[in-house]
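**Student:**
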Amino acid sequence: MKKVDDLRGIKTAITDNKRFIKKHKIELLVVIGSFGTDKFLHGESDIDIAFLTEVPIKEDQMLGFLNELSSIIKYSKLDLIDLHYASGLLKFEVATKGRLLYEKTQGLLERYRLYCYRYYYDTKKFRVMRQEYFENKLGELMNGQG
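Quick note: the sequence shown uses the working numbering, first residue 1, plus one each step.
Here is the structure:
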């Protein structure tokens, strides 16, 4: 396998491991963060990988999933993001900055991106309301009303 900081090498290692993909019913693997950029420090930085599976991975199986993926890509510092449980803001980050490692069907990442954009914009009013609430509370505390 190529160096760990080579996106193509990791993508190939994952797609070539059909047993891993089938065992975990993986639909989508996306890398976000500094991996593959000048900011990535080999051995120090972690690799952030967002994943979507057909069925959510159970908590007691997550360590095995992490160990298998780490072994496949030959890097131990992984930070996994289960897209079944990720916040809307994190999903939006995956949609806007994610780089594809694996998709079960061609175009799945693009469809997921559209879903994330829609969700993010549909929930904007709630984020604005929450922000206003916290600003009001902070103002009350600063003025000695809280």
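Just so you know, even glycine gets a beta-carbon here, dropped at the ideal spot from N, CA and C.
(1) Do isoleucine 47 and valine 31 come within 8 angstroms of each other at the CB atom, strictly closer than that value?
(2) In the DSSP assignment, the beta strand (DSSP E) including glutamate 44 goes from what residue to what residue?
(3) Would you mind giving the Cβ-Cβ distance between arginine 36 and arginine 99, rounded to the nearest angstrom? I have them listed as a contact below 8 angstroms.
(4) Decide yes or no for the touch test of the segment 100 to 111 against the segment 79 to 86: beta carbon pairs closer than 8 angstroms, at least 3 of them.
(5) Where do the N-terminal and C-terminal ends of the beta strand (DSSP E) with isoleucine 148 fall, by residue?
(6) So for glutamate 103, helix, strand or coil by DSSP?
(7) Could you tell me which of His42, Phe65, Ser45 sits nearest to lysine 23, measuring between CA atoms?
**Tutor:** The answer reads as follows:
(1) yes
(2) Looking at the DSSP string, glutamate 44 is not in any beta strand (DSSP E), and its letter there is neither H nor E.
(3) Checking the displayed sequence, the identity of residue 36 turns out to be glycine instead of arginine. Contact flag correct, Cβ pair sits at about 7 angstroms.
(4) no
(5) Absent from the structure is residue 148, since the part of the chain shown begins at 1 and ends at 146.
(6) strand
(7) Phe65
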